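Numbering follows this note's numbering, in which position 160 of the sequence shown is assigned residue number 164; successive positions increment by one, without gaps. Each residue gets a CB set at the ideal place from its N, CA and C atoms; glycine is no exception. These numbers come from a predicted model, not from an experiment. Below: the structure, in structure tokens.
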Amino acid sequence: MENSNYLGNEKVGKLLRQFSIPCICSLIISCLYNIVDQIFVGNMIGYVANGATGIIFPITVVGWGMSLFFGDGIAASLSVSLGRNETKSIHRSVGNGLLWTFVSGIAIIAISYICGDNLLWLIGATNENIQMAHNYGFIIYAMMPLAMVQNALAAIIRADGSPRYSMLAMTVGAVINIVGDPLCISVWGIQGAAVATVFGQFVSFIICISYLRKSKTFKISLDSFRPDFKLTRKMMSLGTSSLLTQLFIVIVTIINNILLVKYGARSVYGADIPLSAFVVIMKLFQIVLNIAIGIAVGAQPIVGYNYGAKQYDRVKQLLKLVLKWTAIVGTVCTALFEAAPKMFILMFGADSELYLDFAINCLRIYLSLILFTCLQKVCAIFLQSIGHAKAAAPLSALRDVLLILISLVAPRLLGVTGVFWAAPIADALAMVVTAIVMLRLWKKINQMEQNNAQQFTLPQMPTQKGTVITISREHGSGGKLIGQLLADKLGIPCYYKEMVAVAAKESGLAKEFISNINADENAVMKDLYLSTEIVQNAITAQDKAIRKIADSGSCVIVGRSANYVLQEYPNAIHVFIYAPKDFRIKRVMETYGDSPEKAESNIRRADSARANYYKNISGNTWGERHNYDLLIDSSVGIEKCASAIGEFIGKRQNQ
């Protein structure tokens with residue numbers, strides 16, 4: 005897991021640039037599909053055609069939201085799992101997420117085709133644009149399931165540590181769409197814009213699906229797609245904030261469409277001018293919001309890993325950087341929109357002076373406090389990144405709920421422009437609540453940081469120079485976590501897989517090979533495997549690495565039969581962690597998402613592999629009490645075990 009170590013050790017500023025910039029590019033490129041369509045459609049056909057593509061927009065956003073529901077949920081779960089070094093069930097999360105994303109796409113297709121034009125009228129279509137909306141939408145729907153899977157994969161690929169690959173996939177599809185739009189529109193009209201879009205999405209899908217063969221942290225198989233409702237519920241809880249963000253965009257768009265048509269028809273502008281202007285303004289809004297979301301989503305794997313690893317100081321640094329970057333983006337964009345609104349409106353075409361004047365005025369109103377929108381959404385994503393789904397979901401929805409409520413009232417007082425004035429009012433109110441929530445979170449993280457430093461009470465006497473504590477453990481007993489807690493409190497290093505790196509460097513053998521020499525295989529085959537010359541060389545290299553680490557000073561060493569290797573060391577203290585089988589089964593189920601049967605099977609295989617390896621190198625029986633200084637039952641509690649070991653060390657040193 006070199007990538008996960010990198011997330012926990014590299015400078016947070018460098019990490020944020022590395023992950024967020026490709027993420028921003030990916031999100032902007034993704035929304036360019038619809039925006040580029042509108043730029044070419046508006047200039048080549050007219051502003052009414054822009055209104056038609058805007059009618060289809062809420063349906064595509066529902067698909068986008070469902071893909072983020074599972075994709076961001078998987079990404080958040082993957083990142084936290086890496087931080088906790090709990091990676092065995094990741095492939096199941098990915099498989100289940102992709103499965104339900106595809107099924108959701110099929111459902112959207114079915115509903116859209118069955119409802120037909122009735123759905124478009126409901127969203128806010130007018131007599132002028134209904135036919136164009138129909139022609140455009142019925143092609144866009146066909147690609148929905150694969151486009152959704154591609155979007156979910158983009159989030160997973162970023163969390164897997166390959167943001168540039170994700171960006172590449174999105175870029176190729178967007179370039180195809182940009183090049184194809186003018187060519188296809190000139191031949192097929194508005195349907196041509198849809199054809200160019202779905203072809204670009206299909207190419208992006210092929211690139212993303214190809215990544216599954218080269219993932220860094222998971223390997224997909226047919227078993228990965230077997231429905232696991234426990235994992236699915238976890239993903240859904242972590243992805244709820246992303247889904248709500250998109251669904252509220254849909255609700256806001258539909259309600260505003262209806263209100264704009266209703267109040268626009270009573271004004272000099274008519275129904276189509278306000279609707280078309282709103283569609284264009286929402287595209288600009290979408291670009292800025294995606295930049296902010298890209299910053300936060302790019303930070304998600306870094307935040308999730310460090311939060312899972314309890315490196316709260318880095319979590320706070322990341323929060324400050326994310327807010328700083330978002331504030332800069334929001335301030336610059338607000339200044340541009342207020343200073344040069346005409347330039348942005350003309351990008352999408354303006355074949356009417358009345359339309360141009362209305363759109364410029366409403367752009368300045370609607371986007372005047374977009375800085376607050378960005379900060380509010382970024383904070384919700386940050387909460388999602390650290391697994392606080394219950395807080396993230398309502399915070400994500402807050403601005404949009406306020407916007408809907410205010411939109412229903414404001415037009416009665418201000419006419420059609422009241423729909424646009426609702427946005428800055430909602431932004432200001434939501435920002436106040438968000439600031440209160442984030443201040444409380446900051447205090448909570450500070451408290452967690454303090455609690456982590458004093459997680460349990462051990463004797464304050466430092467270990468003697470050269471004291472080495474070895475931790476042997478049954479699978480599922482929590483021995484690795486106990487060793488890490490003990491080392492943190494004593495202020496000494498804890499070695500687990502680091503021993504493999506040392507052994508690899510000394511021997512020239514691959515780290516993966518050395519790491520797997522005590523993997524859980526069939527017992528008979530395992531004995532034959534361990535007797536081969538190359539494996540014996542790997543074992544020798546690992547033993548030398550353990551002694552080298554022990555010679556360097558006080559430390560905790562977990563696993564690798566270190567108690568036998570260091571049996572002649574006078575200052576070594578050997579601990580064996582065990583627990584009742586029911587306790588271990590429950591813990592493995594909670595940690596890896598296994599069924600009771602699979603958890604029991606994995607425990608049996610892992611313990612058998614450790615026993616075989618121990619017997620091969622020592623000739624002794626693994627777990628025999630006379631081979632250890634202290635045996636302790638971890639079912640009494642992880643912290644209590646660490647405390648008990650600390651007390652034992654203190655008494656030993658006083659003898």
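The bridge partners DSSP lists for Ser476 are Phe580.
Boundaries of the alpha helix (DSSP H) around Ile653: 642-658. In the assembly as shown, Lys381 is a buried residue. Its beta-carbon has 16 or more other beta-carbons within 10 Å.
Here the alpha carbons of Leu433 and Ile410 stand approximately 11 Å from one another. In this structure Ile63 does not touch Ser108 by the C-beta definition: roughly 13 Å separates them, more than the 8 Å allowed.
Taken atom to atom, the span from the alpha-carbon of Tyr273 to that of Gly50 is near 16 Å.
Judged by their CB atoms, Ala430 and Val423 are not nearer to each other than the 8 Å cut-off.
If you look at Val382, you'll find it in the alpha helix (DSSP H) that goes 374-389. In the DSSP assignment, Ile134 falls within the unbroken alpha helix (DSSP H) covering 134-144. Pairing Ala53 with Pro428, the inter-Cα distance amounts to about 28 Å. Only residues of its own chain outside the window of five on either side were considered, and among them Val40 have a CB closer than 7 Å to the CB of Ile182, listed in chain order.
Annotation for Tyr568: Tyr618, Ile621, Ser622, Asn624, Asn631 place their beta carbon closer than 8 Å to its own, counting only its chain and skipping 5 residues before and after.
The alpha-carbon of Gly298 is positioned some 15 Å away from that of Ser166. The alpha-carbon separation between Arg368 and Phe289 amounts to approximately 11 Å. The beta-carbon distance between Ala426 and Leu407, rounded to whole angstroms, is 6 Å. This is short enough to meet the 8 Å contact definition. Every alpha helix (DSSP H) stretch that sits fully inside the region 200-288 and reaches 4 residues is listed by chain position as 233-268. If you draw a straight line from the Cα of Ala610 to the Cα of Asp598, it comes to about 14 Å.
Across the structure, Leu264 and Val65 are spaced so that their CA atoms are roughly 20 Å apart.
The criterion of a C-beta distance shorter than 8 Å is not satisfied by Leu635 and Phe587. Within a 10 Å sphere around the beta-carbon of Lys493 sit 16 or more other beta-carbons, which makes this residue buried. Around the CB of Ala491, 16 or more other CB atoms lie within 10 Å, so the residue is classed as buried. Within the same chain, Val292, Ile295, Ala296, Ile299, Cys378 come within 8 Å of Val333 by CB-CB distance, once the 5 residues on both sides are set aside. Leaving aside the five residues that flank Gly141 on each side, the residues in its chain whose CB is nearer than 8 Å to its CB run, in chain order, Ile59, Ile60, Ile63, Ser116, Leu124, Ala198. Rounded to whole angstroms, Ile473 and Arg608 show a C-alpha spacing of 26 Å. In this structure, the straight-line span from the alpha carbon of Ser214 to that of Val307 is close to 27 Å.
DSSP places Asp637 within a strand segment (E or B) once states are collapsed to three. Note on geometry: alpha-carbon atoms of Ser24 and Pro574 lie some 51 Å from one another.
Remark: C-beta atoms of Cys212 and Gln154 approach each other more closely than 8 Å. Each of Val420, Ser605, Thr338, Cys559 was checked against the Cα of Leu489, and the nearest Cα belongs to Cys559. Take Leu485, set aside five residues on each side of it, and the residues of its chain with a beta-carbon closer than 6 Å to its own are Ile642, in chain order. The Cβ atoms of Asp76 and Ala159 lie closer than 8 Å to each other. Per the coordinates, the alpha-carbon of Leu72 lies some 24 Å from the alpha-carbon of Leu325. For the pair Lys328 and Val592, the Cα-to-Cα distance works out to about 40 Å. Looking at the backbone, the Cα of Glu478 and that of Glu651 are separated by about 22 Å. Ala545 and Val176 have their C-alpha atoms roughly 47 Å apart.
For Ile182, the enclosing alpha helix (DSSP H) has its first and last residue at 167-192.
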